[in-house]
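Chemist: Here's a structure for you.
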Amino acid sequence: MKYHIQTFGCQMNVYDTKSMMGLLNGAGHEYTDNLAEAEMILLNTCSIREGAEQRVRGRIGQLKRYKDKGRLRFLGVCGCMGQKEGARLTDAVPYLDLVIGPGAIGSIARLVEELERGNRPLVDITGIEDEYDQPFPAPNEAVSYPCFVSVMKGCNKKCTFCVVPSTRGPERSRDPRIILQEVETLVQKGYKEITLIGQTINSYRYDGIRFPQLLERVNQIPGLARLRFTTSYPSTSIRALFEVMASLDKVCEQLHLPVQSGSNRILKAMRRTYTREEYLNQVRYFRSLYEGRALPPAITTDIIVGFPGETEEDFQQTLDLVREVRFDAAFMFKYSPRPGTVAAAMINQVDEYTKSRRLDTLLQLQHEIAGEMNRNLTGSRVEVMIERSTPSSQGGMEYESRMRTGRIVKLSAPAGAYSPGDLVQVLLTGCTSYTLFGDPLSSGESTQGGLKIHVA
Ligand code: SF4
27 MKYHIQTFGC QMNVYDTKSM MGLLNGAGHE YTDNLAEAEM ILLNTCSIRE
77 GAEQRVRGRI GQLKRYKDKG RLRFLGVCGC MGQKEGARLT DAVPYLDLVI
127 GPGAIGSIAR LVEELERGNR PLVDITGIED EYDQPFPAPN EAVSYPCFVS
177 VMKGCNKKCT FCVVPSTRGP ERSRDPRIIL QEVETLVQKG YKEITLIGQT
227 INSYRYDGIR FPQLLERVNQ IPGLARLRFT TSYPSTSIRA LFEVMASLDK
277 VCEQLHLPVQ SGSNRILKAM RRTYTREEYL NQVRYFRSLY EGRALPPAIT
327 TDIIVGFPGE TEEDFQQTLD LVREVRFDAA FMFKYSPRPG TVAAAMINQV
377 DEYTKSRRLD TLLQLQHEIA GEMNRNLTGS RVEVMIERST PSSQGGMEYE
427 SRMRTGRIVK LSAPAGAYSP GDLVQVLLTG CTSYTLFGDP LSSGESTQGG
477 LKIHVA
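Numbering-wise, our numbering puts 271 at position 245 of the sequence shown, and it's gapless, one number per residue.
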C-alpha cells in the first residue's frame, strides 16, 4: 500500500515518523510524497500549543476530499494529539480510521494489518511501553539531515505549562546497546552526523550508564564525524555533562539549554527547578570550558512570554537575561494554555495583546543579537558539513551546510561538487541575521579521521 506521513512538531516526532516509515516499508508498504496516490495518510501530531492542534484539525478537514474520491483508504492521527484526544477524535471525525499515541508507533505495521482486515476505527493510546527497545529500521531513503536517534522518551519533570508528561509518559531510557546499534546502522547507510534526542536528555540513565558515558560510547563509532544532542534541562548535575561534551572530538560545540523565563518568580510558577542565577552560572561554566578555542560554543534556548502572572518587571528580567547570555538562537513563544495542565487553570492569565507585544519585543532583541553575532563571524574560516542542495538562480547549485555550532552557511558551487555529509572548509563572506554565506576555500581534497574532507 502507498502511504504518506505528514509530521508536525518536534524532533521526537521527526524521529517517530522515520521509525514508522522503517516499519511500514519493512512490511511491504511504499512511501509516497504524492497525496493523490496515497492509500493511507498519517498525521504525526503535536499538542504543545493550541495553534499546533488547530493546524492538525484543519489538515484533517482538508484531507476528507481524498477520502471522498475513494483512493485514500485510511486516514490516521498519531503522536501527542492522538494520545491526548484518543477516541474523542474518532467520535468527532467519522472518516478517521486510526488514532494512536506515541507509545504505539512500534505497532504501526500490525495496526495497519488490522485496518486492512476491516477493523476500524482503531484507537491505541494505552501503551507507553512499545517496541522501543528494538532498533527501529531506518527507512530506505537518501541521506537527509538532520538525522535523529532517540535515547529516551517521556519526562519526569512537572513543568506547569507542559503536556509532554501526559502525552509521552514518564522517562524511559533506551538500552545503550540498541542506541549504538541504531547509530552504527545509520553510519553504514552514509550518515556522518547524528543528533541524539530526548525530552530531558541529561536525565538518561540505564543500568548505571548516564548520558555523559553514553556520549563517550557514541563518540567512538568509526565513520561518525559529528555528534549533537538535545534537549538538556538546566539541572544542578549538568556540569559533568558539559565537561565530557567539551572533551569529545565529535561532539559539536552547540548546547540547547531552555531557560523559559528570566524571572525567578515565573520560573517557580512554572515549576522549573533552577533559578535565574543558577542558569547564568551554568552558562558561564559551559563557556569557560571552551576558552582558547577558535570559536566560542553556541548556546540556544526556549523562552515563553506571557506565562500566567508575568508582569512587566518579570518580562524585563527575561530581556535582561537574553542581553546577558546573548543566545545564538532562541525559540520564543507566547504562552498557550493547554487543557489539563496546572498553568491552564491559573486565574491570572495574561491577555493576548500583552503576550503579542512582549513576543515582538523579544523577537526584535534576539534578531539584533543574532545579526551581530553573524556579522562578527564574517571573515572567519570554518568547517561546515553539507546538508542539502538546491539549484541556484545564478546557475550551479546552492549548498546548505552547517557549522559545528549549528549555524547555517550557504555556499554556491557547481552541481555535483558536494554531497550531503561532505565536510568543507569555507571562508564566511556575508550574512543575514539567521544565515551566513561562505566561499569554499579550494576544491582540493585530503582526509582527516578517515573521512573525505574538502580543504583549503
Ligand atoms: S522538562 Fe518540562 S517542558 Fe520539558 S518536556 Fe518535561 S515537563 Fe515538558
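All C-beta atoms, glycine included, are put in the ideal place defined by N, C-alpha and C.
For the ligand SF4, enumerate in chain order all residues having a CB closer than 6 angstroms to any of its heavy atoms.
Modeler: C181, K183, C185, C188, V190, P191, Q225, T226 and Y259
Chemist: Closest to E426 by CA distance: which of Q342, P172, G397 and R302 is it?
Modeler: Here residue 426 corresponds to residue number 400 of the sequence shown, with the count starting at 1. Closest by C-alpha distance to E426, out of Q342, P172, G397 and R302, is P172.
Chemist: Cα-Cα, which of V285, L122, L222 and Y316 is closest to Y92?
Modeler: Your numbering for residue 92 matches position 66 in the sequence shown. Measuring from the Cα of Y92, the nearest candidate turns out to be L122.
Chemist: What whole-angstrom Cβ distance do Q286 and M296 have, given they're in contact under 8 angstroms?
Modeler: Along the sequence shown, read from residue 1 onward, the residue named residue 286 stands at position 260. Along the sequence shown, read from residue 1 onward, the residue named residue 296 stands at position 270. Q286 to M296, Cβ: 6 angstroms. Contact.
Chemist: What residue range is occupied by the uninterrupted alpha helix (DSSP H) comprising S314?
Modeler: Residue 314 sits at position 288 when you count from the first residue of the sequence shown. Unbroken alpha helix (DSSP H) run through S314: R302 to S314.
Chemist: Could you give the distance in angstroms between the alpha-carbon of V408 and the alpha-carbon of E424?
Modeler: Counting from 1 along the sequence shown, the entry for residue 408 is found at position 382. Counting from 1 along the sequence shown, the entry for residue 424 is found at position 398. If I take the Cα positions, the gap works out to 18 angstroms.
Chemist: Between K276 and the rest of its own chain, which residues show a CB-CB distance below 7 angstroms, the 5 nearest in sequence each way excluded?
Modeler: Reading the sequence shown from its first residue, position 250 is the one you call residue 276. For K276, where only same-chain residues beyond five positions count, the Cβ hits under 7 angstroms are N245, L250, A251, R252 and L253.
Chemist: Report the partner residues of K28 according to the DSSP bridge assignment.
Modeler: Counting from one through the sequence shown, the residue named residue 28 turns up at place 2. Answer is E56, bridged to K28.
Chemist: Taking Cβ to Cβ, would you say Y311 is nearer than 8 angstroms to S176?
Modeler: Working through the sequence shown from its first residue, we reach residue 311 at position 285. Working through the sequence shown from its first residue, we reach residue 176 at position 150. No.
Chemist: For a test of the three-state rule: what should DSSP assign to K360, helix, strand or coil?
Modeler: By 1-based counting over the sequence shown, the position of residue 360 is 334. Here K360 sits in strand by DSSP.
Chemist: Counting C-beta neighbours from all protein chains within 10 Å, is the total for K28 16 or more, i.e. buried, or is it exposed?
Modeler: On the sequence shown, residue 28 is found 2 positions in, with the first residue counted as 1. So K28 counts as exposed.
Chemist: Are there 16 or more other CB atoms within 10 angstroms of the CB of D448, so buried, or fewer, so exposed?
Modeler: Walking along the sequence shown from the start, residue 448 turns up at place 422. D448 should be labelled buried.
Chemist: Which residues in the same chain as L281 place their Cβ atom closer than 8 angstroms to its Cβ, once the five residues preceding and following it in sequence are excluded?
Modeler: Taking the first residue of the sequence shown as 1, we reach residue 281 at position 255. Counting only Cβ-Cβ distances below 8 angstroms, and skipping sequence neighbours, we find S258, F268, M271, F312, P323, A324, I325 and T326.
Chemist: Which same chain residues end up closer than 6 angstroms to S289 when comparing Cβ atoms and leaving out the 5 residues on each side of it in sequence?
Modeler: Looking up residue 289 in the sequence shown gives position 263. Result list for S289: D340 and Q343, in chain order.
Chemist: Using only the alpha-carbon positions, how far apart do R319 and E279 sit?
Modeler: One-based indexing of the sequence shown puts residue 319 at position 293. One-based indexing of the sequence shown puts residue 279 at position 253. Straight-line Cα distance between these residues: approximately 10 angstroms.
Chemist: Considering just the uninterrupted stretch of the alpha helix (DSSP H) at Y379, what are its terminal residues?
Modeler: Counting from 1 along the sequence shown, the entry for residue 379 is found at position 353. From DSSP, the alpha helix (DSSP H) with Y379 extends over E378 to L403.
Chemist: How is the alpha helix (DSSP H) around A135 delimited, first residue to last?
Modeler: What you label residue 135 is simply residue 109 of the sequence shown in a count that begins at 1. That run of the alpha helix (DSSP H) goes I134 to E142.
Chemist: Can you tell me whether N145 is helix, strand or coil according to DSSP?
Modeler: Sequence index remark: in the sequence shown, residue 145 carries index 119 (1-based). Reduced to three states, the DSSP call for N145 is coil.
Chemist: Which of the three DSSP states, helix, strand or coil, is assigned to P446?
Modeler: As a first step, residue 446 must be located in the sequence shown, where it is residue number 420. Three-state DSSP puts P446 in coil, outside helix and strand.
Chemist: Sorted by chain position, which residues of the same chain lie with C-beta nearer than 7 angstroms to A370's C-beta, five sequence neighbours on each side aside?
Modeler: The residue labelled residue 370 in the question sits at position 344 within the sequence shown. For A370, where only same-chain residues beyond five positions count, the Cβ hits under 7 angstroms are P363 and R364.
Chemist: Taking all protein chains shown into account, decide if P522 is buried (16 or more other Cβ within 10 angstroms of its Cβ) or exposed.
Modeler: Absent from the structure is residue 522, since the part of the chain shown begins at 27 and ends at 482.
Chemist: Relative to the C-alpha of F333, which candidate in Q375, A135 and H393 has its C-alpha closest?
Modeler: Mapped onto the sequence shown, residue 333 falls at position 307. Closest option to F333, Cα to Cα, is Q375.
Chemist: Quick one: give me the first and last residue of the beta strand (DSSP E) that A64 is part of.
Modeler: Position 38 of the sequence shown, counted from the first residue, corresponds to residue 64. It is not in any beta strand (DSSP E) - A64 carries neither H nor E in the DSSP assignment.
Chemist: Can you tell me where the alpha helix (DSSP H) with C106 in it begins and where it stops?
Modeler: Within the sequence shown, the letter at position 80 stands for residue 106. Residues C106 to E111.
Chemist: Just tell me which of V435, L306, L240 and H393 has its CA closest to the CA of T262.
Modeler: Translated into positions along the sequence shown, residue 262 becomes position 236. Among V435, L306, L240 and H393, the Cα nearest to that of T262 is on L306.
Chemist: Determine the direct distance from the alpha carbon of G195 to that of L283, and round the result to whole angstroms.
Modeler: As a position in the sequence shown, residue 283 is number 257, starting the count at 1. As a position in the sequence shown, residue 195 is number 169, starting the count at 1. Approximately 22 angstroms, taken between the alpha carbons.
Chemist: Measure the C-alpha to C-alpha separation of E63 and F100 and round it to an integer number of angstroms.
Modeler: Within the sequence shown, the letter at position 37 stands for residue 63. Within the sequence shown, the letter at position 74 stands for residue 100. So the two alpha carbons sit approximately 12 angstroms from each other.
Chemist: Where does V435 sit, in a helix, a strand or coil, going by DSSP?
Modeler: On the sequence shown, position 409 is the one that residue 435 refers to. V435: strand per DSSP, three-state reduction.
Chemist: Measure the alpha-carbon distance for I434 versus Y300 and round it to whole angstroms.
Modeler: What you label residue 434 is simply residue 408 of the sequence shown in a count that begins at 1. What you label residue 300 is simply residue 274 of the sequence shown in a count that begins at 1. Using only the alpha carbons, I get a separation of about 31 angstroms.
Chemist: Taking DSSP's pairing of strands, which residues face T326 in a bridge?
Modeler: Taking the sequence shown and counting its residues from 1, one reaches residue 326 at position 300. BP columns for T326 point to H282 and A355.
Chemist: Got a sec? Which residues, its chain only, sit under 8 angstroms from Y230 by beta carbon, not counting five neighbours each side?
Modeler: Taking the sequence shown and counting its residues from 1, one reaches residue 230 at position 204. Closer than 8 angstroms at Cβ, skipping near neighbours: V177, M178, S199, G224, R236, F237 and L240.
Chemist: DSSP state of D465, grouped into three classes?
Modeler: Within the sequence shown, residue 465 is the residue found at index 439, counting from 1. Strand at D465.
Chemist: Shortest alpha-carbon distance to V452 belongs to which of P446, M411 and L385?
Modeler: For the purposes of this step, residue 452 is taken as the residue at position 426 of the sequence shown. It is M411 whose Cα lies nearest to the Cα of V452.
Chemist: With DSSP as the reference, label N51 as helix, strand or coil.
Modeler: Residue mapping note: residue 51 aligns to position 25 of the sequence shown, counting from 1. The answer is helix: DSSP assigns N51 an H, G or I state.
Chemist: How about V138 and L50: do their beta carbons lie closer than 8 angstroms?
Modeler: Locating residue 138 in the sequence shown gives position 112, counting from the first residue. Locating residue 50 in the sequence shown gives position 24, counting from the first residue. For V138 and L50, yes; Cβs fall inside 8 angstroms.
Chemist: Can you list, in chain order, the stretches of the beta strand (DSSP E) that have 3 or more residues and sit fully within the segment 232 to 296?
Modeler: 252 to 256 and 280 to 282
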